[in-house]
Amino acid sequence: MAAPAAKTAATGPLTFEKDIRPILKANCFHCHGEEGKTKGGLDVRLRHLIAKGGEQGAAIVPGKAEKSLLFTMVRDGEMPKGQGKKLPPEKIELLRQWIAGGAKVARAEPAKPGAADEFTPEERAHWAFQPVKRPEVPSIQSSVFSNQSGKERSGSQLNTENWPLKTGSKPHPIDAFIGQKLAAAKLSFSPPADRATLIRRANFDLLGLPPSPAEVEAFEKDTSPDAYEKLLDRLLASPHYGERWGRHWLDIAGYADSDGYTDTDTERKWAWKYRDYVIRSLNADKPFREFIVEQIAGDELVKPPHKNLPPADVDKLTATGFLRMAPDGTANAGVEQKVARNAVVADTIKVVSSSLLGVTVGCAQCHNHKHDPIPQADYYRMRAVFEPGFDLRTWRTPNARLVSLMSDEARAKAAEVEKEAKIIEDARLKKQNEFIDEVLEKELLKRPEELRTPLREAYKTVVAKRTPAQVKLLKEHPTVMQLSPGSLYLYEQKKADELKKQTDEAAKIREKKPAEEFIPVFNETAAKDGPAPTFLFHRGDPDQPKQQLKPGDLTILAALRPVDLPEKDAALPTSGRRLAYARALTDGQHPLTSRVLVNRIWMHHFGRGIVASPSDFGTLGERPTHPELLDWLASEFVAQGWSLKKLHKVIMTSAAYRQASQLSNAEFRISNSKDPDNKLLWRHPIRRLDAEQLRDAQLFVSGRLNPKPGGAPVPIMTDETGQVVVGVNTDDTAGRPSGKFVGLNGEEFRRSLYVQMRRSKPLGLMETFDAPRMEPNCELRNASTVAPQSLALMNGEFALAQAKFFAERVAKEAGDSTDESKVSRAWQLAFSRRPNSTEMSDALGFLSKQRAHFTANAPKEAKVAKGKEPPPTNAEEHALTGLCQALLTANRFLYVE
Amino acid sequence: MTSTTCNSRRHFLAQSGFGLGSVALAWLLKQDNLLASPPKPDLDPKSFDLLPRRPHFEPRAKAMISMFMQGGPSHMDLFDPKPALDKLDGQKFPGEIKFDNAAQASPKVLASPWKFQKHGQCGMDVSELLPHFAGIVDDVCLLRGMHTGVNNHGQSIYALQNGRVLGGRPTLGSWLTYALGAETSNLPAFMALTDPRGLPVLGVANWENGWLPSLFQGTAVRSKEPRIPNLDPPTHLRGPAQENYLSFLDKLNRDHLRDHPGETDLQARIASYELAAKMQTAAKEAMDITGESAATKALYGIDVPATAEFGTRCLIARRLVERGVRFVQLYTGNQTWDHHGSIRTGLPAACKYIDKGSAGLVTDLKARGLLDSTVVHWGGEMGRLPVIQNDVGPARVGRDHNTYGFSMWVAGGGFKNGITYGETDEFGHHAVKDIVNHYDYHATLLHLFGLDYKKLVFKRNATEMSLVDGQNARLVNEILRG
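Sequences listed follow chains A and B, in order.
Following the working numbering, the numbering of the first sequence begins with 6 at its first residue and continues without gaps.
Following the working numbering, the numbering of the second sequence begins with 24 at its first residue and continues without gaps.
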């Protein structure tokens, strides 16, 4: 395929500022201009400097590309230096065209290149750095709603008084923006999705779970005009809502139950406290602004000392767990501390910037950003916001950052209990000594009389003080020498048992102690010489600190409005930097925060953001498909008090959301030929369930889902094939399987987000379905389609067990024992609808075929390892389990319309 | 990206999961993909596949079978005779020793209890413990100057398996399959054949994909059924039961697809079930050796109980490579070769277990014309010290770790044959001449596969990561055929 032609026609003549400088900035500035370097005497930062040239003379001859070194050396791969650095053909072509066209500039150039933070007008004009302006809602023609000639579709219809537009009423603003673009492309919305489809879609979207058949039926029968809104309200009020949307946030926060960084991947025992805080906050619809401020600076809102705190304050401290999510190997032996600590800071900045800023600030860690107006100093200004909490001078390892939640009262109670236990302990110790003496005397009696006294003395002498003669003597009498509390049982079992009883008694008393819980907290410790300083690291190397920098917003954003970040807020015990920064992020004027957030929400509803690169709104990111809609949503979100739940409702009541995803072949082909990626949203996209949705939905349908919320994670273990599964690891200390099995009592059926997330050990089933590895976080998930997924569904232990449970449930709930009733019930549970006649007859055919097979080939009873689900026991159950497995692995189950 | 933005190209590739049909077309599409897409940050989740890919230059090797002898086979007792030790047997070692286990350290020299003899036309020295290896020395390149320099199992295993002394990185097989895909659409591209006696030290980390996509993870093959996780249905579903299920499922999916014309994701999913079913048969067939002749089985020692288990895995490895699997690694049990004590009985037993099968593998590959395109590797993560460990009588003495100089052998795939390369000092403690570090070995291996070790990179967190990863590697041209 030919290299794509450089685009020129639409955008006017090529200019240095608009077309050429970005190429040179990304590829050439580093050696030819920046940091005082001008290799070969050439500085390419301004057009007139290029024309002036270097040691080899002028680098361009306007009008004559072939005679311009800038073009020929790049074309011939001589520049940029280094293998694999050759510019792509379309960029070389741009250079050629620009020179051929006279090497024009957009405006008069200054004599000298500006500093790194003197941006060009082109850089300043980038869309994402403009203030959010609430756009006028366009008016649209109702014809954009009428793709379908009112054709009847299967299933009941949504009440359609809003579909197409009611005369005289205004369209939903979202539909106005979407409709405008559809109309321009001669496309239109699809008809409304039927009710069963819509409730299934809304359920998976908001809760990550399918609806129950009863819920589907109730919704289908509800004829009230606000049936759909009531549905949304019910779903938004469900405690499962926070679990689903919490999961989205945990992706971008990089939540994991381990420290990562090293192969030890130490367990992060209390990370779940932050996970539960996120779920709690979303369920409470805490204004997102508050949610952000707490996560960035919750500690600065709570008066020290951090003990005996009311729940609201505990929440604020727990929120800062957000800044404790990055991998942190600084407690592990053998790591290069300086590098490891710096990595924690860098990863935390990455988490903050990719979740809230949507620009790749991290690219400026080592040099000025090559594509966006982010000078290297900006990176370190941002770092300075967080530096006092990290404080490389007095580094705290993950455990040193835990804050105890134990109140003084509880601590006093614990001391009380300990006192009680100590009494028993002391008594036991006394008895132990008596026993040892008794046994010793018995042993001595077995020796000749003259040896007894020296042996006794030798035994009672502490090891270090024994004379060589004593040592020798004892060695000759090993049964004396080896007598100890630990070996007492070998001499007199009864005595040992008696001691054990007392030990147990003490342990029992200790059980009364209030349990001590912790939260991982990001906070500042008071430093005498003020907040930790931040230096710009030359090339990002912590061993090459350069100038000191003060905290600051990105220069390009600070230009929009004054942002004052204190070095030390006198009114606070802390530096106040993060609190001020968090408030700047959420001041409603910040051009990125609200756009980035609403874009993420949109992405989770539609599978694709209005900006398809959710963490890069910079020049290399995608352009918004609907920039005005993005701004309208951002301003609406802020106007509605940063309420996520209100935003969901706004989005989900639009026709864009409620439209169908399936169309007739002909209609599909026409629309698809115009917009194959469905960027304009002429239908609702079809999406594969993500890893958690899939596992949770199988559990839900099988009837086994344990809805218990929160708490310590469900353990994982590695099975004998190396697959990570839910279970209690019973390997011995050398890592060999002990063969023991410890049951989980239903914990194994909890929602996937409660399963322990070790960075190095993702749950096998989940990883197969693209659950992310947190390194440090996940901006956007993949949805792959590979054979190992099919194998996991066909033969995997989890899938087979759920199919069996599902079959048991169907048999119980079918009403009568006919195959028809079972098939019908199974369909409703799995697909939220009844089977049509073809499906019914196919299913009946399958059941009888399988039944016949298993009747003729009754499987031998197989030995089943402890903790594994045994197969069904008769032909009837086998057949129904097979049917249920097919439903749980069918595309209709795996994809949501 | 999700289904909404997938273009047709991505779907084709996704559909190919383990590689599918029209390879040439896919190749063209990939090329086209490379040309058409401007450099972008890693925002758009890439889609990965196991389609065969062309290396950087003409390769000599297409596949590799590695026999990983975890624990550290004693080089001075097997491959690297040291007459100097015979003279000093039982006396104080004349130099400095780097011990690992101080508590049991002894300065006494331990001469090899076994005799060496020259074998083959090349006259390679081989210990009497490896009589079958002695028969293939003319096809083998013996490396006597191996060096990793990290004196414990974990780190040195990492060094040899993933290129650095740290965990969490992709192993050699992951890199090869990431770079080259596989020549089969029906089998996993990278297979790890484990020993019934247990997993090697570091267990599954020996075949982990690290931060490469999990598609490139080694598929563990157990020594007993079920050999591959999720590959086989449980017994009661085998045969018609699962066929019925799959055909019913296919029907459901096709009905569903009819309602959703043009949904390439749904089509890809249907194809992936077909592929999965194909894999089941293909893998079963590949691992079923009943059709092999009695002579072949005897060649691998499968006719004798003591050598049957390892021989069977060697034969399966050949069958996998014949069928297009890119990388197969076989393991011995946990610390099989870690002879800190009782080396006089332990080492002969360990050798007996593997000698027939490993030699038979080379002989068989050669006879079938596969040796030229298949690299065979035999070696562990370290060798042993010239002095005694655990000085409590001749029967119980052993040797401590030594990663400063040890031996391993390679054959086929473009390596010179019948040569011995590299030297340790007169006592076998340190490699002193023609040293091959783990990264030199890796760079050289990649070269045989047509890959430039500097160019084979994976972008992670905006950093280009590689197998050699910035270590100062040397292509060991002296051991490559001209």
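All residues carry an ideal CB built from backbone N, CA and C; glycine is no exception.
For A/His858, the chain B residues whose Cβ falls inside 8 angstroms of its Cβ are Pro263, Ala264 and Asn267, in order along the chain.
In the three-state reduction of the DSSP assignment, B/Phe213 falls in the strand class, which pools E and B.
Distance from B/His465 to B/Val491 at the Cβ level is roughly 6 angstroms; contact confirmed, criterion being Cβ atoms closer than 8 angstroms. Boundaries for A/Ile691: no beta strand (DSSP E) harbours it, and the DSSP string shows neither H nor E there. Spanning the alpha carbons of A/Ser489 and A/Ile441 requires a straight line of approximately 7 angstroms.
Secondary structure remark: continuous beta strand (DSSP E) runs of at least 3 residues inside the stretch 219–305 of chain B, in chain order: 242–244. If you compare the alpha carbons of B/Met99, B/Gly191 and B/Glu286 with that of A/Asn670, the shortest gap goes to B/Glu286. Taken through DSSP and simplified to helix, strand or coil, A/Trp250 comes out as helix.
Residue contact check for B/Thr258 against chain A: a CB pair falls below 8 angstroms.
Of the candidates A/Asp210, A/Ser229, A/Ala219 and A/Ala276, A/Asp210 places its Cα closest to the Cα of A/Gly247.
Using a C-beta cut-off of 8 angstroms, the stretch 590–603 of chain A makes contact with the stretch 353–363 of chain A, since at least three inter-stretch Cβ pairs fall below that distance. Under the three-state reduction of DSSP, A/Ser822 is assigned to coil, being neither helix nor strand. Listed in chain order, the non-local C-beta contacts of A/Gly58 below 6 angstroms within the same chain comprise Ala64, local neighbours out to five positions each way being set aside. For B/Asp148, the secondary structure class from DSSP, reduced to helix, strand or coil, is strand. Assignment of A/Met411 by DSSP, reduced to helix, strand and coil, places it in the coil class.
Contact annotation: A/Pro67 and A/Cys33 have beta-carbon atoms that are not nearer than 8 angstroms. Under the three-state reduction of DSSP output, A/Ser743 falls in the coil class, being neither helix nor strand. Here A/Leu450 is exposed, its C-beta having fewer than 16 other C-beta atoms within 10 Å.
Comparing alpha carbon positions, the residue from A/Ala808, A/Arg613, A/Gly614 and A/Asn677 closest to A/Phe705 is A/Ala808. If you draw a 10 Å sphere on the C-beta of B/Ala329, you find fewer than 16 other C-beta atoms in it, and that means exposed. Taking C-alpha positions only, A/Pro309 is separated from A/Val408 by approximately 12 angstroms. DSSP places A/Ser148 in the helix class (H, G or I) of the three-state scheme.
From the beta-carbon of A/Met799, the residues of chain B found nearer than 9 angstroms are Asn253, Pro256, Leu260, Gln265, Tyr268, Leu269, Leu272, Tyr296, Ala299, Ala300 and Gln303. One alpha carbon belongs to A/Ser707, the other to B/Ala264, and they sit about 21 angstroms apart. Of all residues in the stretch 749–782 of chain A, only Arg764, Ser765, Pro767, Gly769, Glu772, Thr773, Asp775, Arg778, Glu780 and Pro781 come within less than 9 angstroms of chain B when Cβ atoms are compared, listed by chain position. B/Thr443 carries a strand assignment under DSSP once its states are collapsed to helix, strand and coil.
Interface flag for B/Gly191 against chain A is set, since a Cβ pair is found closer than 8 angstroms. Listed by position along chain A, the residues whose Cβ is nearer than 9 angstroms to that of B/Leu238 are Ser789, Val791 and Pro793. Per the DSSP secondary-structure output, B/Arg341 pairs with nothing in a beta bridge. Bounds of the beta strand (DSSP E) holding B/Cys164 are Val163 to His170. Residue environment: A/Ala469 is assigned as exposed (fewer than 16 neighbouring CB atoms within 10 Å of its CB, all protein chains considered). For the stretch 275–292 of chain B, residues whose beta-carbon sits nearer than 8 angstroms to a beta-carbon of chain A comprise Leu275, Asn276, Asp278, His279, Leu280, Asp282, His283, Pro284, Gly285, Glu286, Asp288, Leu289, Ala291 and Arg292. Proximity of chain A to B/Trp234 at the Cβ level (cut-off 9 angstroms) is accounted for by Arg778 and Glu780, in chain order. The alpha-carbon of A/Pro781 is positioned some 8 angstroms away from that of A/Lys355.
For a cut-off of 8 angstroms, the C-beta gap from B/Ser150 to B/Asp100 is around 6 angstroms, short enough to register as a contact.
With a cut-off of 8 angstroms on Cβ pairs, the stretch 753–763 of chain A is in contact with the stretch 258–266 of chain A, counting three or more such pairs.
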